[in-house]
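Presented below is the structure to which this report refers.
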Amino acid sequence: MRPRLTHLYPFLLALPRILNIVVDNPGEWSAGDLAAVLAAVLAACAVVYGVTVFLVRGRRLDQLPPLVTFAAVLWFYGYSATFNQIGPLLGPAPHLVLVAAGMLVTAGAIRWLSRRPGASERLGAFLTIVGAVIVVWQIVGTLRTIVRSRADLGQSQVIRRLSRPIGPAPTSTGSRPDIYLIVLDEYANSGELRERFGYDNTAFEDSLGRLGFVIPRSVRSNYAHTLLSIPSLLNASHLTDLTGELGAAATDPTVPNHLAEYNRSMRFLNARGYSIRFFPSLWWGATRRSELADVEYQPWRGFSLTRALSRSELRRTVRRLTALSLLPGHSAADAEYVRQTFAGLAGVPSVEAPTFTFAHVLSPHAPYVLDGDCQATELTRRRGAAQAGAYLDQLRCVNRLVLNLVTTLLTRSKEPPVILLQGDHGTSTLRYFSAPSAELIPPDAARERLGAFGAYYLPGAGATLPDTVTVVNVMGHVLRGYFGAELPSEPNDSYLSLEQSPYDLHRVTRLH
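Residue numbers for the sequence shown follow this note's numbering, so the first one is 349 and each next one is one higher.
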């Protein structure tokens, strides 16, 4: 092995942790995002390596640059986990103690190895080989998941079925109201808020009622997970066929993510002259982008490192598992994204063409970054009553933002718009996900998870809403009521599954 090749080990060993996340979570990342994360990590290694080369030039310390770079890699990936394990034992200044002790150990190890060039060279050769084998193995695994995901897309009968146009043929006659579909993630209905949190949401719902919103007696999600709830909403169709198509043990979200992005509600309305306005979620993969949208709103302007680390599930996972978790400002960035999304939605009525606006707001879902007055709060770990209180604070903020928004939309719109406020599922304080299997989830835990919020402003059609509304039928009701869509109503059946097997669906037969 050429000597300089033995300097590659810190670069190679900086990649496996990220690639492991990718392999373990197929379909939950994009190639562009992965490339950006890997490039950033390698660039950081190159900076450390280059600075060390500059500082030791002419001193015959050839092994020092890779050793220092490798130490930086170990600190990057190891500090947060180490602190979580022993930080509580280190007294009132745990970071100071851990950093000081860690620097002493690191400096001692580097000094010892740099004085033994033969040992350093052999260690470098060994680590380079190990790193290369691991990286190649993980790249092969990543490519395998990509091939499998693309095969799932190409073979999906569900995609073929939902790709067929909905009749009747578009016409230039008839009403074309602006339509707003705003998904409020993990917003529970009033019954579950009262039962699980002791919280009375009547004031908010009464305010919506005075504005003309209809809140059915019973609103329920058809699926326990956003993964299936949102594509079923946007396609006005159940997705139970995915169990047989993908397999009950599958976890890859590629097919439902595709159904969410290329959904038939947007295609139906676009064919009828609607401009599609898309307000992406901050990090949920299926709603981070839309090829069908005419305008994709970006709540953030300019660049900041904190924002860049928050823009996808992959980046947030890397941030959480590394020393990047120590950077301040994450909660403020998330809070700003939510507030700016609502501010952007308020500007849609100024668009001349009829619009279909979709927004997926990742609140009141965790992380809890907003207090009841919509100010950013410190992101801390909460359990029990503290977690419930944080959820309710964020819900109060969402209520305030929603009321301000819908009042603005109703005031500024030239014609009364259709406004759909929809929770994708309820909360999980009863830990439905801890059940041994989906069929063993207790009825009260199932009722909590499926108990989603829903409120609908339907000028001229609201009175026809049934007493029981499930998420899968919301868009179908609108498309039939306003456009005569040849779209049958779906059964109100609900299905449970666990997070580790989202397609292993079991129909709910009892909620009480």
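Note that the Cβ used here is the ideal one computed from N, Cα and C, for glycine as well. None of these values were measured; they are calculated from a predicted model.
query                                                                                                         : result
Rounded separation between L446 and A429 - CA only                                                            : 12 Å
Cβ-Cβ distance between Q411 and L461 below 8 Å                                                                : yes
Nearest residue (CA-CA) to Q505, options E593, S523, P442 and P518                                            : E593
Helix, strand or coil at H773 according to DSSP, with G and I counted as helix                                : coil
Helix, strand or coil at I530 according to DSSP, with G and I counted as helix                                : strand
Rounded separation between V495 and V603 - CA only                                                            : 13 Å
Close Cβ partners of A392 (< 6 Å) along its chain, the five nearest in sequence each way excluded             : none
Other residues of its chain near S566: CB distance less than 6 Å, five sequence neighbours each side excluded : T816
Residue(s) in a DSSP beta bridge with I578                                                                    : None; I578 has no bridge partner.
Simplified DSSP assignment, three categories, for T354                                                        : helix
Bridge-paired residues (DSSP) for A800                                                                        : A536
Simplified DSSP assignment, three categories, for H586                                                        : coil
DSSP bridge partner residues for H854 (one or two, in chain order)                                            : L844
From G677, H713 and N618, residue whose alpha carbon lies closest to that of E534                             : H713
Residue range of the beta strand (DSSP E) that includes F781                                                  : Premise fails: F781 is in no beta strand (DSSP E) and is neither H nor E.
Euclidean distance between Cα positions of P807 and V766                                                      : 7 Å
Bridge partners - T816, DSSP secondary structure assignment                                                   : S566
Cβ pair G850, H573 closer than 8 Å                                                                            : Before going further, note that residue 850 is Pro rather than Gly in the sequence given. Taking 8 Å as the Cβ cut-off, P850 and H573 qualify as a contacting pair.
Residue from V820, L768 and L778 whose Cα sits closest to the Cα of A803                                      : L768
Inter-residue spacing [alpha-carbon to alpha-carbon] between I780 and H773                                    : The amino acid at residue 780 is misidentified as Ile; the sequence shows Tyr. Straight-line Cα distance between these residues: approximately 13 Å.
V709, enclosing beta strand (DSSP E) - first and last residue                                                 : T703 to V709
Contact between the region 604-624 and the region 577-588 (3+ Cβ pairs under 8 Å)                             : yes
Cβ neighbours of R350 in the same chain (closer than 6 Å, five flanking residues each side left out)          : In this prediction, R350 has a pLDDT of 44, which is less than 50 and means its spatial position is unreliable; nothing more can be read from the coordinates.
Touch test, the region 758-765 against the region 533-548, Cβ-Cβ under 8 Å, three pairs minimum               : no
Where S849 falls: helix, strand or coil (DSSP)                                                                : strand
Local Cβ density within 10 Å of A383, reported as buried at 16 or more and exposed below that                 : exposed
Residue-level contact to chain B via CB, G650, 8 Å cutoff                                                     : Judged by its chain identifiers, the structure shown contains no chain B, having just a single protein chain.
Buried or exposed (CB count within 10 angstroms, at least 16 for buried), P715                                : buried
Anticipated Cβ contact below 8 Å, R663 with V385, distance rounded                                            : 6 Å
One or two residues paired with I767 in a DSSP bridge                                                         : Y528 and Y805
4-residue-minimum alpha helix (DSSP H) runs that sit fully inside the region 415-489, ordered along the chain : 442-462
Backbone secondary structure at V603 - three-state DSSP                                                       : helix
Residues that DSSP places opposite S623 in a beta bridge                                                      : T703
Distance cut-off 7 Å: R463 Cβ against heavy atoms of the ligand PLP                                           : Of ligands this structure carries none, so the ligand PLP is not represented either.
Whether L361 touches G456 by CB criterion (8 Å)                                                               : no
Cα-Cα separation between P839 and A419, rounded to whole angstroms                                            : 58 Å
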